[in-house]
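Colleague: Positions -37 to -1, 1 to 1174 (mature numbering (1 follows the signal peptide of the UniProt record, and there is no 0)) are the ones given, in order, by the sequence shown. Let me begin by handing over the structure; questions about it come next.
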Amino acid sequence: MPFGVGSALPFYRLAWPLALVLAAGTVIVGAAGPATAAAPAAPSVSCVDSAPSEARAALVAAECGRPVVVESSLTEMTQVVALAEGGFRYQASVAPQRVRRADGSWAPISPDLVRQADGSLKPAATLADVSFSAGGSGPLVTWREGVSTFTLSWPLGALPVPKVSGATATYESVLSGVNLHVTATAEGYTHSVELLTPAAAKNPAVRQLRYVTGGNTRVERASDGTLRLLGSGGGVVATSGAARMWDSSSDPARAGEVLPAVAAAWASGRVAVPVGEPATAVEPAVTSRIAPVALALDGEQLTVVPDSKLLADPAVTYPVFVDPPFEKFQSKWAYATSNGENNDGTSARVGREPADTGSGELYRSFFEFVTTPLRGKKILSAYVALTLDHSYSCDSTPVTMYRTSGITVNSGGRMSWTARPLPGVSVASWSGHANETGGCGALQDDMRAEFSGTIKGDLQWALDSGYTGYTVGLCACDTNGGQESNQQRWKRFFTDKGWLEVTYDSVPTVPSNLSTSGQACGATIGTSSPVFKAYYGDADGAGDSLTGFFEYQELPSSAVVSRTGQVKPGNSYGESGAFVLGAVSEGKSYQWRVKTRDAAGVESPDWSPWCRFTVDTAKPPRPGVSSSAYPNDGVARGGPGISGAFTFTAGVQDVTRYVYGWSGSPQPMTTVTVSRGASYTVTLTPPRHGYNTLNVYSLDGADKQSDTNAYSFLVNAPSAPVANWPLDSIDAHNLTDTQGDADLSTVGSVTWAPDVRIIGESVASFNASSYLTTAGPVLDTSKSFSVAAWVRLADIAPNNPDVDLDIGNRTVLGQSGSKQSGFYLGYRTDGVQPRWSFAMHGADLDQGTTWDTANSSALVTSADVGRWVHLAATYDSATRTMQLYVNGSLAGSTARSANPWNANGPMTIGAAKYTPPGGTPLMIGQWPGEITEVRAWQRVIVPDDLLGSDGDDATGTDPVAGILAPTEVASWDFNGGLLSGCGTETSDSYWSQSLRLYGCTDPYSPEQTAGYTGDAHDDNDALWLNQEQPDGYGGSGDGNGYAATTQPIVRTDQSFTVSTWVKLARTDRDQVVLSQQGNNLSRFMLYYNQPDGRWRVWMYHEDGGSRPGSGVSGSTAVVDKWTHLTLVFDAGRATTSIYVDGVLAGITAHAGAAWNATGPFSVGRAFYGQTLAPFSGSIDQVRAFAGAMSDREVRNLYSGRTSPQAGRAGQ
């Protein structure tokens, strides 16, 4: 029973919702042919069989010398191939050739059955989701289409296990002498009952086959006797043709010519009668006897009644096949019969049907091809190809093809004989033969029929006339319509082997985007040798080459001057080359235009519009720049982040633009357009303190540029924040505002977490339900403002062995309005992962407002849990720009779209106010974790505020430490050590950490391995270890002398920096300078590496266990020379760096989670279960910092030019 899916044409089939998205890089099509010639050089593209677009496919085809499929062109019935020699080949078939898989890729149609896990059988790749029974009592066929399901069950008992051959499953002996067949087709299925013997044909059960339908679909009968399958929504899922039955007759004379000589040979018995292609369960042979089958529908029962006359005919040849009503779908073709009856639709027929197989009616066939992709193309060649299955004649007879209007019925159905009368517009003729009955003395092969004639021109006419399809009719007649009834001309063509094949070239578009020497049309240009430039558009892209043809004339109209321009790839800009107009052109006006022609000789359909220009070669003077806020008088004013107005003046009347920007800024310069000669005033924010330069130049209407005015002025040092909450236990800061009087109060339980950032310090800790608040507002959020804080996310499920990140919106800082906070700093959910975010609400309303957000591009992940991150947000009211900085780097920026408004409520830390539509205000987004060093400014902050800057003696600019400057937690310079003997060295930092010497004796002795020396880097005292005392007071080079604290100095799971001056005394072994110990081994080692003679850093990834560490090497060590070493671990960037004498010598990524070593800090040794790798030499000025130093800060540390410490807030 054939059963096919519907068509895009109305009524006949359901438009299936097949996915149309192509999986990248996966296209299954016919194999590409070999390259036509070897490329002269290696192709600059990857040589693949398919590419996403026509332009890309054309480029690959040209570069690689091979045809390339255009992926975006693929449908079930069409495809485009870019050709190596240029142009494209378009193929449109009348039957499906490929199917889209669930993953978006394409596969060739393959109805071959594949056994599924449940034993059922499904076709490998077809358009219908059908499955066949594995045997037993279930449905014979199940068809699913979306939410619709159709089942068809065999009415006479359980089915046997089927035998499978290709696309057909055969259930043998379902009754005595009866087999049942089901066959998958490209768009559905067919099933038939095979009666093997006359006795089987007499079985009453066969004379009325009562099938049972099921599922949520409905079978209904159409007015022409065919059946339709309606889905659960009422749409047509599939249709059928006329029900029929056929026998296995093979008499050649029934369907073809029998030559007299052949007939005589048969009669004499000298030659056996050949057997042509036999009847099958899918379709009859050309010689089969065919009869109609009656149908009856009664509820879920479908009764099939075979033709009793055919079964009673003694001339019937068994087996006989009874095909119930559902017939396989036929695509994009139709037929017409002179007797107006529905007939066999398995093949496309032309001519008079032989009386022995039909009633002598005439057939015509029609084929419709989709041509939408060819609109706007230039047709280079075209033909229609069909495959002849069978001809009545032994010799070639003609067939004529005509262009007709579109098919008027469902594809594969019957049109009225008068709907498309022939002859119409004749486009081609062809003659051929393929008699497969044997009456010609041998079985003739199928023959390819190629119709070309005038199809190329006719198709071009149809496309130019707006046709979206091209339909042809086939008639067994002459071009004038004669001889159609000639029996010799009867033929049958395959319906799944017909296509339109076209080679075409895209027509170049009219050139666009015209410019004259870089200026738009209508401009005044500053050269008398203009260059004309235009965009050469072509759908073939870079796979085609276009030549520009330019012409110009002086205005008012004068003679036209022409020139051939550049040859350029499609979809690129081409130029004319310079037209030398000379000095006489000054002040004159001209116009020009251009058209293009591609490599195939196809021209753009028209010239471009005329493009006018005027010649003016004088350059404007340097613009004036002035500012009352920041005059260039050598006196520092304002401050970074404090805006001021700057005015630019032209000095001449033809200036139309100003271009300005800050010297040294990574941002591009800004261009503003003004009316001719007008001045322009802009409010700008100086990016740094000290010396600033604003570069300004002007452009006139001819695009001539003035000299640059480098306007220089001095800016005061950064102003202090208006509020500063250290939120630490140092100096009893706690909840105090150390800058102003906006002290904080708690809401909920805010506790103090010790040693989570700096050893010896406690910071405010929040439990995701508590927060801090001021009594009143701190900032005016309608004006420029900035806020910043150090934050540390906590694990929201600490008892879970995995680190858990709270997915939601969490707030670090906000300032409340009546219904909303004026801003939110924290993180906001974006999809399923949050991002660091600075957000501002559009208005203080509960609904109808918008949000502006500057979000980080990087996601917040579980790796950020437990890691300190610095967040800073700034709003510039002059430019209405919001910016978010993460760890000192600009992470997000956006324009403020809403009108500014002032949130005049309290500042909140760890939560923000939000009012849902129609609801009451809530405090939301409570922070889980720690927050410290919170600052607020009533101005914009700039990178110098965050990262600091160096001083400049020439301008009197003092150095400034940025708020991100690492905090010094220990510093030992060993000054006075000689006087103290073996006394403990105490750090001069705030935390006063003590460093004890091991291996030191007092007084000095030859055995001692640690002590002090006056031969220091700073001409004072230094530490010496494991060598003879440099001042001649004894000492041993063999031993384990070192210095160490009794507790950790830095948290090694957070960013930290350690540095020292060293003088190496020997090179015959590894020697550790600085380290900090865990339970089993040192977390880090800054050391001399003996195998390669270099300074090196090593970081262990865990405190013992199987995970190794990672290292980075610096420069070669020099014996007996003071060298400065710095180790920087940046937890935020997960990198470890080593600096030698202030210069970055090596950097490496740090793998895995960081861990905190809680043991002592050591000078001159490491620990790996025991003390090891003692250092031999002198060490001076050991320093440790919480935080990662920048390159600039390390250089200053080396040179001794340290900036004032920002360090802990309030210090």
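We treat Cβ as the ideally placed atom computed from N, Cα and C, and that holds for glycine. Keep in mind that this is a model prediction, so the values were computed, not measured.
1. Does C438 come out as helix, strand or coil in the three-state DSSP assignment?
2. What does DSSP give as the partner residues of V1143 in its beta bridges?
3. Can you tell me which of P764, L768, A751 and D809 puts its alpha carbon nearest to the alpha carbon of P801?
4. Let's test the definition: count the other Cβ atoms within 10 Å of the Cβ of A318 and tell me whether it reaches 16, buried, or not, exposed.
5. When you compare the region 1089 to 1097 with the region 999 to 1018, are there three or more beta-carbon pairs, one atom per stretch, that lie closer than 8 Å?
6. With DSSP as the reference, label D908 as helix, strand or coil.
7. Quick test of your reading: A1149 and I721, contact by CB under 8 Å. State the CB separation rounded to the nearest angstrom.
8. Kindly indicate which three-state DSSP category A483 falls into: helix, strand or coil?
9. Between the alpha carbons of S725 and N762, how many angstroms are there, rounded?
10. Between the C-alpha atoms of Y967 and E893, what's the straight-line distance to the nearest angstrom?
11. Can you tell me the Cα-Cα spacing of S231 and P237, whole angstroms?
12. Tell me which residues share the same chain as F748 and place their Cβ nearer than 6 Å to its Cβ, disregarding the 5 neighbours each side in the sequence.
13. Going by Cα to Cα distance, which pick from V494, V524 and A205 is closest to R377?
14. Please state whether DSSP places C27 in a helix, a strand or coil.
15. For the region 160 to 180 and the region 101 to 111, state whether three or more C-beta atom pairs, one from each stretch, are separated by less than 8 Å.
16. When you compare only the Cα positions, how much space is there between residue 1181 and L958?
17. Considering only C-alpha positions, which residue in the set P493, S567, L274 and W799 is nearest to residue 1184?
18. Let's see if you can read the secondary structure: which residues bound the beta strand (DSSP E) around R338?
19. Would a C-beta distance cut-off of 8 Å place V557 and S571 closer than the cut-off?
20. Hey, out of L172, T300 and S211, whose CA is closest to V268's CA?
21. Given this structure, state the Cα-to-Cα distance separating F1019 from A705, to the nearest angstrom.
22. Let me check one thing: in DSSP terms, what residues is D839 bridge-paired to?
23. Per DSSP, F284 forms a beta bridge with which residues?
24. Under the DSSP definition of a beta bridge, which residues are partnered with V710?
25. Who pairs with I1101 in a beta bridge, going by DSSP?
26. Taking a contact to mean a Cβ-Cβ separation below 8 Å, would you say G537 touches G504 in this structure?
27. For the structure I just gave you, are there three or more beta carbon pairs, one from the region 832 to 849 and one from the region 859 to 868, closer than 8 Å?
28. Quick one, which of T1121, A1108 and A1120 has its alpha-carbon nearest A1158's?
29. Give the secondary structure of S1038 by DSSP, where H, G and I count as helix, E and B as strand, and everything else as coil.
30. Could you tell me the boundaries of the alpha helix (DSSP H) in which I887 lies?
31. Going straight from the alpha carbon of residue 1258 to that of A836, what length do you get?
32. Can you grab the Cα-Cα spacing for the pair S1081 / L1027, in whole Å?
33. Which value, in whole angstroms, describes the spacing of the CA atoms of D758 and G882?
34. Taking DSSP as the reference, what is the three-state secondary structure of S784?
35. On the three-pair Cβ rule with 8 Å, is the region 145 to 161 touching the region 265 to 284?
36. Compare the C-alpha of G445 against each of A147, N398, G1140 and P386 and name the closest.
Modeller: Working from what's here:
1. Locating residue 438 in the sequence shown gives position 475, where the first residue counts as 1. Note: C438 maps to strand in three-state DSSP.
2. Residue 1143 sits at position 1180 when you count from the first residue of the sequence shown. Per the sequence shown, residue 1143 should be read as Asp rather than Val. Paired residues: W1024.
3. Residue 801 sits at position 838 when you count from the first residue of the sequence shown. In the sequence on display, residue 801 carries Phe and not Pro. F801 has its Cα closest to that of A751, out of P764, L768, A751 and D809.
4. Taking the sequence shown and counting its residues from 1, the one referred to as residue 318 is at position 355. Exposed is the call here.
5. They touch, by the three-pair rule.
6. For the purposes of this step, residue 908 is taken as the residue at position 945 of the sequence shown. Three-state DSSP puts D908 in a helix.
7. Along the sequence shown, one-based indexing puts residue 1149 at 1186. Along the sequence shown, one-based indexing puts residue 721 at 758. Their Cβ separation, rounded to whole angstroms, is 5 Å, which keeps A1149 and I721 in contact under 8 Å.
8. Here the question's residue 483 lines up with position 520 in the sequence shown. Reduced to three states, the DSSP call for A483 is strand.
9. Along the sequence shown, read from residue 1 onward, the residue named residue 725 stands at position 762. Along the sequence shown, read from residue 1 onward, the residue named residue 762 stands at position 799. Those two C-alpha atoms are separated by around 23 Å.
10. To locate residue 967, count along the sequence shown from 1; it is residue 1004. To locate residue 893, count along the sequence shown from 1; it is residue 930. So the two alpha carbons sit approximately 49 Å from each other.
11. Residue 231 sits at position 268 when you count from the first residue of the sequence shown. Residue 237 sits at position 274 when you count from the first residue of the sequence shown. Going by the C-alpha atoms only, they are around 14 Å apart.
12. Taking the sequence shown and counting its residues from 1, one reaches residue 748 at position 785. Around F748: L742, Y838 and Q901.
13. Counting from one through the sequence shown, the residue named residue 377 turns up at place 414. For the options V494, V524 and A205, the alpha carbon positioned closest to that of R377 is the one of A205.
14. Residue 27 sits at position 64 when you count from the first residue of the sequence shown. In this structure, C27 counts as helix in the three-state DSSP scheme.
15. The region 160 to 180 is in contact with the region 101 to 111.
16. The requested residue 1181 does not occur in the structure, where the chain is confined to residues -37 to 1174.
17. Coverage of the chain is limited to positions -37 through 1174, which leaves residue 1184 absent and any answer about it impossible.
18. For this step, residue 338 is matched to residue 375 along the sequence shown. Following the DSSP letters along the chain, one finds R338 in no beta strand (DSSP E), marked with neither H nor E.
19. Here residue 557 refers to the residue found at position 594 of the sequence shown. Here residue 571 refers to the residue found at position 608 of the sequence shown. Between V557 and S571, the C-beta spacing is below 8 Å.
20. Within the sequence shown, numbered from 1, the residue matching residue 268 stands at position 305. Put simply, of L172, T300 and S211 the residue whose alpha carbon is nearest the alpha carbon of V268 is L172.
21. Translated into the one-based positions of the sequence shown, residue 1019 becomes position 1056. Translated into the one-based positions of the sequence shown, residue 705 becomes position 742. Annotation: F1019 to A705 spans about 32 Å, alpha carbon to alpha carbon.
22. As a working mapping, residue 839 is identified with position 876 in the sequence shown. DSSP lists T844 as partners of D839.
23. As a first step, residue 284 is located in the sequence shown; it is residue number 321 there, counting from the start. According to DSSP, which records beta bridges pairwise, F284 is partnered with E157 and W209.
24. Along the sequence shown, read from residue 1 onward, the residue named residue 710 stands at position 747. For V710, the beta-bridge partners assigned by DSSP are Y734.
25. Locating residue 1101 in the sequence shown gives position 1138, where the first residue counts as 1. DSSP, once it has assigned bridges, lists L1090 and G1109 as partnering I1101.
26. Looking up residue 537 in the sequence shown gives position 574. Looking up residue 504 in the sequence shown gives position 541. With respect to G504, G537 sits apart: the two C-beta atoms are not nearer than 8 Å.
27. Yes, the region 832 to 849 is in contact with the region 859 to 868.
28. Residue 1158 sits at position 1195 when you count from the first residue of the sequence shown. Reading the sequence as shown, one finds Arg at residue 1158 and not Ala. Distance check between R1158 and each of T1121, A1108 and A1120 places A1108 closest, using alpha-carbon atoms only.
29. Your numbering for residue 1038 matches position 1075 in the sequence shown. Note: S1038 maps to strand in three-state DSSP.
30. The residue you call residue 887 lines up with position 924 of the sequence shown. Not the alpha helix (DSSP H): I887 falls in the beta strand (DSSP E), residues L885 to I887.
31. Any property of residue 1258 remains undetermined from this structure, which presents the chain solely from -37 to 1174.
32. For the purposes of this step, residue 1081 is taken as the residue at position 1118 of the sequence shown. For the purposes of this step, residue 1027 is taken as the residue at position 1064 of the sequence shown. Looking at the sequence shown, residue 1081 is not Ser but Val. If you take the alpha carbons of V1081 and L1027, they lie about 7 Å apart.
33. Residue 758 sits at position 795 when you count from the first residue of the sequence shown. Residue 882 sits at position 919 when you count from the first residue of the sequence shown. If you take the alpha carbons of D758 and G882, they lie about 31 Å apart.
34. What you label residue 784 is simply residue 821 of the sequence shown in a count that begins at 1. Correct three-state label for S784: strand.
35. Yes: the two stretches touch, three or more of their Cβ pairs being nearer than 8 Å.
36. Start at 1 with the first residue of the sequence shown, and residue 445 comes out as number 482. Proximity to G445 across A147, N398, G1140 and P386 peaks at P386, based on C-alpha coordinates.
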